[in-house]
Amino acid sequence: MNGIKIRGTGRGVPGKLVTNRDLEQVVDTSDEWIASRTGIRTRRFCGEGESVSTLAAAAARAALEDAGIGPEEIGACIVATLSADTLVPSAACLLQRELNLPQDIPCFDLNAACTGFLFGLHTMECLLNASPRKYGLVVGAENLSRLINWEDRGTCILFGDGAGAAVVECREGWPSISAIMGCHGSSGLLHVPGAETEGHSWISMEGTKVFKFAVEAVPWCVDQVLKKNGRAVEDVDFFVFHQANARIIDLAVRKYRIPPEKYYKNIAEYGNTSAASIPLVLSELREQGKIGPGSRLLAVGFGGGLTWGGCLIEFA
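Last residue of the sequence shown: 1221 (our numbering), numbering continuous.
This is how it looks when you write it as structure tokens:
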């Protein structure tokens, strides 16, 4: 199977900035409590006229421009999300219309929670191997602020809105991203009810148990991806971790002795943006010049489902 590489990245960020001090006014918490336990200082919430669709479109346009690729060259479009504006049409179909992507390509949403973007990359690699068009658009976009239960002080502080996108290219002779994917069905640890079911579609989570799951899943994914590729930590140019909790990232950094110039945290600015988390990091790193053509990245995600995954991907 031919592999994929990232050709361009982009992001869409809501305009409403919400600080920990703002949350002190609506829930029994404090800036010090939130920051010390999660690393979060601010997050972005969608305001009037902003949605998963508008954020996804902004991120996708930026990624196409960065890649120098026209909409007519896209062979598939995947939007990773758990908070689409509508169940039908999908966010991906709405994005197809907004960007005027070809009508003879697969466009669909994918829900693997916070691991969704990585599931999307793996799926896109498979799709492009069977497509005459060799560019694909993978977007992670979330509007989690509308799923927040403001009476749950343990979860309402964690989440934010945003979108990130990547244009990928498939070419003969390129290595596969060697994705490691897994899931374990669990409705209790991290749960969002469906429409018109037992109650409000609010996020509920058993934080301590999810934290324990994450600190075990991250090193497992790192080890498996390196083993699958015959690589060592030193062979990786940059590590990109899902931004769920700064302490989880810090534990992985210490375990693998990753130097500061090889990892990045933006959770302080965005909070946990689920499927948008990893592509938001990629976009910022790209913009800052920390990664670019030839860069080899090891990305790891974990989230509700429970899901986990990792891959080794390069920039074209």
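Even for Gly, the Cβ is constructed at its ideal location relative to N, Cα and C.
Since the structure is predicted, the reported quantities are computational estimates derived from the model, not experimental observations.
For K1160, the secondary structure class from DSSP, reduced to helix, strand or coil, is helix. When the Cα atoms are used, A996 and D936 turn out to be separated by approximately 34 Å. Using a 10 angstroms sphere on the CB of K910, the tally of other CB atoms reaches 16 or more, which defines it as buried.
M1029 sits in a helix when the DSSP states are folded into three classes. Within a 10 Å sphere around the beta-carbon of E977 sit fewer than 16 other beta-carbons, which makes this residue exposed. With a beta-carbon spacing of about 6 Å, F1146 and A1157 fall inside the 8 Å limit used to define contacts. Nearest neighbour of D990 by Cα position, chosen from Q1193, L960, M1086, turns out to be L960.
A Cβ-Cβ contact shorter than 8 Å links Y1161 with V1127. With a threshold of 16 other beta carbon atoms within 10 Å, L992 falls short and is exposed. Straight through space, the alpha carbons of P1165 and L1187 are spaced by roughly 16 Å.
Counting every other CB atom within 10 Å of its CB across the protein chains shown gives A1035 a total below 16, marking it as exposed. According to the DSSP secondary-structure assignment, L1015 is paired through a beta bridge with A985. For T1113, the secondary structure class from DSSP, reduced to helix, strand or coil, is helix.
Distances from the CA of T1212 to each of V984, E1047, V1115, L1049 were compared; the closest alpha carbon is that of V1115. Inclusion of C982 and L1006 in the CB contact set at 8 Å is warranted, their separation being smaller than that value. At a Cβ-Cβ threshold of 8 Å, W1107 and I1053 count as neighbours.
K1117 has its alpha-carbon roughly 10 Å from the corresponding atom of E1111. Separation of the CB atoms of T1060 and S1109 is rounded to 7 Å, and the pair is thereby assigned contact status at 8 Å. I1172 has its alpha-carbon roughly 32 Å from the corresponding atom of L1033. When DSSP states are grouped into helix, strand and coil, C1061 belongs to the coil group. The beta carbon of T1020 sits closer than 7 Å to the beta carbons of G1206, F1207, G1208, T1212, W1213, G1214 from its chain, once the five residues preceding and following it are set aside; these are given in chain order. Between the alpha carbons of V923 and A940 lies a distance of about 14 Å.
Here K921 carries a strand assignment [DSSP, helix/strand/coil]. Here G1041 is not near A1068, since their CB atoms are 8 Å or more apart. Taking the CA atoms as reference points, G980 sits about 47 Å from Q930.
Membership of V993 in any alpha helix (DSSP H) is not indicated, and neither H nor E is assigned to it by DSSP. Closest option to S1083, judged by alpha-carbon separation, among R1201, A964, N925: R1201. The residues N907, in chain order, have a CB closer than 6 Å to that of E1077 in the same chain once the five nearest residues on each side in sequence are set aside.
Within the same chain, and ignoring the five residues on either side of E1074 in sequence, the residues whose Cβ sits closer than 7 Å to its Cβ are I909, K910, R912, K1039, Y1040, A1221. Residues of the same chain with a CB within less than 8 Å of the CB of P1098, apart from the 5 flanking positions on each side, are G1104, H1105, S1106, W1107 in chain order.
With contacts defined as CB atoms closer than 8 Å, A964 and F1022 fail to qualify as a contacting pair.
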